[in-house]
Amino acid sequence: MKDGVNGVALGVCVFFFLLVTVMGFLAARWRRAENEHSLDEWGLGGRSFGTWVTWFLLGGDLYTAYTFVAVPAAVYATGAAGFFAVPYTILVYPLIFTFLPRLWSVSHRHGYVTTSDFVRGRFGSKGLSLAVALTGILATMPYIALQLVGIQAVLDVMGVGGGESTHWFVKDLPLLIAFGVLAAYTYSSGLRAPALIAFVKDTLIYLVIAVAIIYIPIKLGGFSEVFAKAGQKFTETGSGSLVPAAAGQWTYATLALGSALALFMYPHSITATLSSRSREVIRRNTTILPLYSLMLGLLALLGFMAIAAGVQVKNGQLAIPQLFENMFPDWFAGVAFAAIAIGALVPAAIMSIAAANLFTRNIYKDFLRPHATPKEETRVSKIVSLLVKVGALVFVLTMDKTVAINFQLLGGIWILQTFPALVGGLFTRWFHRWALLAGWAVGMVYGTVAAYGVASPTQKHFGGSAKEIPGLGEIGYLGLTAFVLNAAVVVVLTFVLRAVRAPEGVDETRPEDYTADAGDPGVEVELPPTTAAAPQ
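Residue numbering for the sequence shown follows the working numbering, beginning at 215 and increasing consecutively.
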């Protein structure tokens, strides 16, 4: 590790940070609408994005600082087990091709802004809608925190903020500044800011990966030398392997499958999806988004390269930033650090907007202010987006940063429990609303309690997300186990509740709503009277 501040790398990184900051504020004027005082405009970009903007936005949303920092860090620490993120991003695209176009259509038809809007409209249940909203907000908080960990890793490697003995405020001041700027342009520009910045972010990421995957192996003697040194290290330490061990195959497979099912349950994924202007844009994006999975596979290899390059760090999250500083010229290390930092800002902005939309539409409007005007909704969402960022910042500054990936995995356990209500509701009305709520509660309680009981060398509780699967005796992803319990409760209780003729709630959707496109005759966004545009 180099001593002191890397001035050249810091200068390059600051340049790109200032560039995206200016773009973030200018985004408020990009595709400006006549009426800006609505969640459609601030929170969904006017539902106007085409194929390429949506592709960059979804890519910036899904492939984040987590991609750059935590995935290669997992490979660096455990070997092949860290590659679970690659198959799950492959599994997810055929899955979302089946249901995302349906969700876009019905949301466009009825003016839904969040998944909870759809659940309330489909099942006529504010209670179930509230459960989905609270789960989305809860799961998003650690995900935003993970992005801040990515920025912090870059700052640490560049020598910014001082050492461990430095006063906490001085040490974390650069992160606080970055957070403040992010909060300001998100408040001003809404979803248009991350949509515009995503172009810069993805361009930098592809550039850095293309250079790293060629340049670093050449300096290390080729891929054969990289794999040989990584294999030697894992053999000597027993901490991992180049090929998943038989004992870990259930964990690997269930984690990949569970993560694939959970990915597009996150509010930010749906927010980016609903911002597109047509059903066909969604279908096209599910076919070209796998290009990011190719990038992810190459990126994961950086974990092996860090081992071969002799990178030694106590915090695994620093492994890849340290590899870049050791191997690249200072100026290009700055480009790589900027890619990681911007790769955190874009999704953090989208996530905070998505969480704010959930609070405004499904808590504030449904339970506190039923007659809130569109202007009031937008104002509340802006304020809540700031509070969400503050919460995530407190989360990351007070928790152990060496387990950043477990923050996101815990959120995945929770958000997966909304799958039956959301995806099930897109295809059938058979499930009973009370059964869905009971199944959600069972999955949430089991998943949280089971995760609390998982220990690791650095944590007594919440030390991982794998545990023995009841009845099988194999170690698997407990989020998927919780989901199976959830689904079983939903099915059994639905039979019971239908047998006793329990009230089902009113379904405000129609079959044709799920296949409608923006250009279809008669297909216009239907807003309830309380959300229709009102004189300001």
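Every residue gets a Cβ at the ideal spot worked out from N, C-alpha and C, and that includes glycine. Just so it is clear, the structure is predicted and the values come from calculations on it, not from any experiment.
Element boundaries [alpha helix (DSSP H), containing residue i]
{"i": "GLY419", "result": "The displayed chain sequence assigns Ile, not Gly, to residue 419. 406-434 is the span of the alpha helix (DSSP H), which, as asked, contains ILE419."}
{"i": "GLY341", "result": "340-371"}
{"i": "VAL226", "result": "221-240"}
{"i": "ASP544", "result": "544-573"}
{"i": "ASN499", "result": "493-502"}
{"i": "PHE538", "result": "533-541"}
{"i": "PRO634", "result": "633-641"}
{"i": "LEU785", "result": "The question about residue 785 has no answer, for the chain in this structure spans 215 to 750."}
For residue i, three-class secondary structure by DSSP
{"i": "LYS681", "result": "strand"}
{"i": "GLU738", "result": "A caution first: GLU738 carries a pLDDT of 48, below 50, which makes its placement in the model unreliable, though a value can still be read off. GLU738 falls in the coil class under three-state DSSP."}
{"i": "TYR326", "result": "coil"}
{"i": "SER753", "result": "The chain is shown from 215 up to 750; residue 753 falls before or after that span and cannot be answered."}
{"i": "GLY605", "result": "helix"}
{"i": "GLY462", "result": "helix"}
{"i": "GLY293", "result": "strand"}
{"i": "SER455", "result": "strand"}
{"i": "SER595", "result": "helix"}
{"i": "SER490", "result": "strand"}
{"i": "MET479", "result": "coil"}
{"i": "PRO588", "result": "helix"}
{"i": "GLN785", "result": "The chain is shown from 215 up to 750; residue 785 falls before or after that span and cannot be answered."}
{"i": "VAL218", "result": "Correcting the residue type first, residue 218 is Gly in the shown sequence and not Val. DSSP places GLY218 in coil when its eight states are reduced to three."}
{"i": "SER670", "result": "coil"}
{"i": "ASP721", "result": "coil"}
{"i": "ASP386", "result": "helix"}
{"i": "TRP644", "result": "coil"}
{"i": "ARG334", "result": "helix"}
{"i": "ARG171", "result": "Nothing can be reported for residue 171: it is not among the residues displayed for the chain, which extend from 215 to 750."}
{"i": "ASP275", "result": "helix"}
{"i": "THR744", "result": "The predicted model places THR744 with a pLDDT of 39, which falls under 50 and marks its position as unreliable, so this point remains unresolved."}
{"i": "ARG316", "result": "helix"}
{"i": "TRP628", "result": "helix"}
{"i": "ALA203", "result": "This structure cannot speak to residue 203, because the chain is shown only from 215 to 750."}
{"i": "ARG243", "result": "helix"}
{"i": "ALA730", "result": "coil"}
Same chain, Cβ closer than 8 Å to residue i, neighbours up to 5 away in sequence not counted
{"i": "TYR506", "result": "GLY273, LEU276, TYR277 and THR303"}
{"i": "SER330", "result": "SER343, LEU344, VAL346, ALA347, GLY350, LEU572, ARG575 and ASN576"}
{"i": "ILE556", "result": "PHE230, PHE231, VAL234, ILE411, VAL414, LYS415 and LEU418"}
Residues near residue i in its chain [Cβ-Cβ closer than 6 Å; skip 5 each side]
{"i": "VAL320", "result": "THR723, ASP727 and TYR728"}
{"i": "MET372", "result": "ASN220, ALA223 and LEU224"}
{"i": "ALA392", "result": "ILE365"}
{"i": "GLY454", "result": "THR292, GLY293 and PHE448"}
{"i": "PRO535", "result": "ALA367, VAL368 and VAL371"}
{"i": "LEU488", "result": "LEU258 and SER321"}
{"i": "ILE554", "result": "ALA279, PHE282, GLY364 and VAL368"}
{"i": "VAL395", "result": "THR235"}
7 Å Cβ shell around residue i - same chain, five flanking residues per side excluded
{"i": "TRP628", "result": "THR349, LEU352, ALA353, MET658 and GLY661"}
{"i": "VAL720", "result": "GLY338"}
{"i": "TRP644", "result": "THR708"}
{"i": "HIS168", "result": "The chain is shown only over 215 to 750; residue 168 falls outside these bounds and no answer can be derived."}
{"i": "GLY435", "result": "none"}
{"i": "VAL226", "result": "TRP545, GLY548, VAL549 and ALA552"}
{"i": "PHE239", "result": "TYR399, SER402 and SER403"}
{"i": "VAL437", "result": "The question names Val, but residue 437 in the sequence shown is Phe. Only PRO431 meet the Cβ criterion."}
{"i": "MET479", "result": "ILE629, LEU630, THR632, PHE633 and LEU636"}
{"i": "VAL705", "result": "none"}
{"i": "HIS251", "result": "PRO588, LYS589, THR592 and GLN750"}
{"i": "GLY638", "result": "PHE645"}
{"i": "MET541", "result": "ILE430, LYS433 and ALA523"}
{"i": "TRP464", "result": "GLU688, ILE689 and GLY690"}
Span of the beta strand (DSSP E), counted from its first residue to its last, around residue i
{"i": "GLY653", "result": "From DSSP, GLY653 is part of no beta strand (DSSP E) but of the alpha helix (DSSP H) over 647-666."}
{"i": "TYR691", "result": "689-691"}
Nearest-angstrom beta carbon gap, residue j and residue i [assumed within contact, 8 Å]
{"i": "VAL267", "j": "ALA409", "result": "6 Å"}
{"i": "ALA294", "j": "PRO458", "result": "5 Å"}
{"i": "THR312", "j": "VAL495", "result": "In fact, because the Cβ distance is near 16 Å, the residues do not count as touching under 8 Å."}
{"i": "LYS596", "j": "TYR401", "result": "5 Å"}
{"i": "HIS324", "j": "GLY335", "result": "6 Å"}
{"i": "ALA424", "j": "LEU271", "result": "No, ALA424 and LEU271 are not in contact; Cβ-Cβ is about 22 Å, not under 8 Å."}
{"i": "LEU305", "j": "THR468", "result": "Contact doesn't hold; Cβ gap of about 12 Å is too wide."}
{"i": "ALA522", "j": "LYS443", "result": "4 Å"}
{"i": "ASP731", "j": "SER492", "result": "6 Å"}
8 Å Cβ cutoff, residue i in contact with chain D
{"i": "MET541", "result": "No chain D is present in this structure, which holds just one protein chain."}
- Item | At least 3 beta-carbon pairs within less than 8 Å: the region 307-316 vs the region 539-554 | no
- For the region 495-504 and the region 278-289, state whether three or more C-beta atom pairs, one from each stretch, are separated by less than 8 Å. no
- Would you call the region 512-519 and the region 600-610 in contact, with 3 or more CB pairs under 8 Å? no
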